[in-house]
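Peer 1: Would you mind keeping the following structure in view while I ask a few things?
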Amino acid sequence: GNSVTQMEGPVTLSEEAFLTINCTYTATGYPSLFWYVQYPGEGLQLLLKATKADDKGSNKGFEATYRKETTSFHLEKGSVQVSDSAVYFCALSDRKDNFNKFYFGSGTKLNVKP
Amino acid sequence: EAQVTQNPRYLITVTGKKLTVTCSQNMNHEYMSWYRQDPGLGLRQIYYSMNVEVTDKGDVPEGYKVSRKEKRNFPLILESPSPNQTSLYFCASSLIAALSYNEQFFGPGTRLTVL
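So the protein sequences, as listed, match chains A and B. When you read off a place in the first sequence, starting at 1, and then add 3, the result is the number in my numbering. When you read off a place in the second sequence, starting at 1, and then add 17, the result is the number in my numbering.
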């Protein structure tokens, strides 16, 4: 079946540090991959997405590359800010019956200290 | 502004007292869904709807009901809430259910406590 596994948090970094949050997936079809961000007290917002192998999604300095050979979609940012403190969810969308179902990872909390 | 709204945002209730959490979207989306978020478990789908009058169970439907009488609204009903339904609930919508690259748009969440 389909599933998403992401690294457990919390991850604590100093401002301007490099960020990597690992995400791997299993899928039976040809999924699209997403990263969502959840700021405190808010709903999930789409951060970036990639719809096919080797695609790179990017937004607000974050990047992730769809790696089919390693079934991974790791999130990276070169220099984090305090305002990036949030919970990050990796997700995939894959065909099930006649619609596309979303599968979410358990979330990784990021704390960025000044 | 394009958005998904949920009400109430916070609710404390007692075991067995029926409640409804409303969800509405103004983007003319076909697909709507309810999730619950629990620590360490990520988001788990409760029910979803492909379009008006078309609903189906997700991964954790027990104890919940839904209806989709209008395209914009997708209420979540707890007929007899129990403490294990204490959770953070999210409504989400997507333009077309059959397209994998369509992202889901999420509401702000409803924090429910059942005593």
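Glycine is no exception: its CB is placed at the ideal position from the N, C-alpha and C atoms. None of these values were measured; they are calculated from a predicted model.
#1: Check whether the stretch 69-86 of chain A touches the stretch 25-35 of chain B, counting contact only when three or more Cβ pairs, one atom from each stretch, lie closer than 8 Å.
#2: Where does Q62 (chain B) sit, in a helix, a strand or coil, going by DSSP?
#3: Mind checking which residues open and close the beta strand (DSSP E) that includes G60 (chain A)?
#4: Does any residue of chain A bring its CB to less than 8 Å from the CB of Y118 (chain B)?
#5: Using a C-beta to C-beta distance shorter than 8 Å, which residues of chain B count as neighbours of G108 (chain A)?
#6: Count the CB pairs spanning the stretch 31-40 of chain A and the stretch 49-59 of chain A that are closer than 8 Å, and state whether there are at least three.
#7: Where does D87 (chain A) sit, in a helix, a strand or coil, going by DSSP?
#8: Can you tell me whether DSSP reads N68 (chain B) as helix, strand or coil?
#9: So, using beta-carbon positions, are T31 (chain A) and S6 (chain A) closer together than 8 Å?
#10: What three-state label does DSSP hand Q102 (chain B) in the structure shown?
#11: DSSP beta-bridge partners for Q23 (chain B)?
#12: So, at 8 Å on beta carbons, what are the nonlocal neighbours of Q48 (chain A) in its own chain, with the 5 sequence-adjacent residues on each side left out?
#13: Please go through the same chain and pick out, in chain order, the residues whose beta-carbon is closer than 8 Å to the beta-carbon of P16 (chain B), but skip the five residues on each side of it.
#14: Mind pulling the chain E residues with CB within less than 7 Å of P125 (chain B)?
#15: From the DSSP output, in three-state form, read off A53 (chain A) for me.
#16: Interface residues of chain B around K116 (chain A) at Cβ under 7 Å?
#17: Between which residues of its own chain and E96 (chain B) is the CB-CB distance below 7 Å, once the five residues before and five after are set aside?
#18: Determine the direct distance from the alpha carbon of A67 (chain A) to that of K80 (chain A), and round the result to whole angstroms.
#19: Could you please give me the residues that DSSP links to S35 (chain A) through a beta bridge?
#20: Which whole-angstrom value is the C-beta distance of G12 (chain A) and L95 (chain A), which I expect to be below 8 Å?
#21: Within 10 angstroms of its Cβ, does F92 (chain A) collect 16 or more other Cβ (buried), or is it exposed?
#22: Go ahead and label K104 (chain A) buried or exposed: buried means 16 or more other beta carbons lie within 10 angstroms of its beta carbon, across all protein chains shown.
#23: From the DSSP secondary-structure annotation, give me the bridge partner or partners of Q48 (chain A).
Peer 2: According to the data block:
#1: No, the stretch 69-86 of chain A does not touch the stretch 25-35 of chain B.
#2: Three-state result, Q62 (chain B): strand.
#3: Start and end: K59 to N62.
#4: Yes, Y118 (chain B) counts as interfacial toward chain A.
#5: Near G108 (chain A) (Cβ distances below 8 Å), the residues of chain B are G59.
#6: Segments in contact, yes.
#7: Correct three-state label for D87 (chain A): helix.
#8: Collapsing the DSSP output to three states places N68 (chain B) in a strand.
#9: No, the pair does not count as a contact, with Cβ atoms beyond the cut-off.
#10: In the displayed model, Q102 (chain B) falls within a helix according to three-state DSSP.
#11: DSSP output for Q23 (chain B) lists B:C40 as bridge partner(s).
#12: Sequence-distant Cβ neighbours of Q48 (chain A) in its own chain, meaning closer than 8 Å and more than five residues away, are Y39, V40, Q41 and Y42.
#13: Residue 16 (chain B) lies beyond the stretch modelled for chain B, which goes from 18 to 132, so this question has no answer here.
#14: Here the protein chains are A and B, and chain E is not one of them.
#15: In the structure shown, A53 (chain A) sits in a strand (DSSP, three-state: E or B).
#16: Per Cβ cutoff of 7 Å: no residues; K116 (chain A) is ~22 Å from chain B at best.
#17: For E96 (chain B), where only same-chain residues beyond five positions count, the Cβ hits under 7 Å are K35 and K82.
#18: Cα-Cα distance, rounded: 9 Å.
#19: Within the DSSP bridge table, the entry for S35 (chain A) names A:S96 as partners.
#20: A Cβ-Cβ distance of about 20 Å is found for the pair G12 (chain A) and L95 (chain A), leaving them out of contact under the 8 Å criterion.
#21: Buried, since its Cβ has 16 or more Cβ neighbours within 10 Å.
#22: Under a 10 Å Cβ-count criterion, K104 (chain A) is classified as buried, with 16 or more other Cβ atoms of the shown protein chains found around its own Cβ.
#23: In DSSP, Q48 (chain A) forms a bridge with A:V40.
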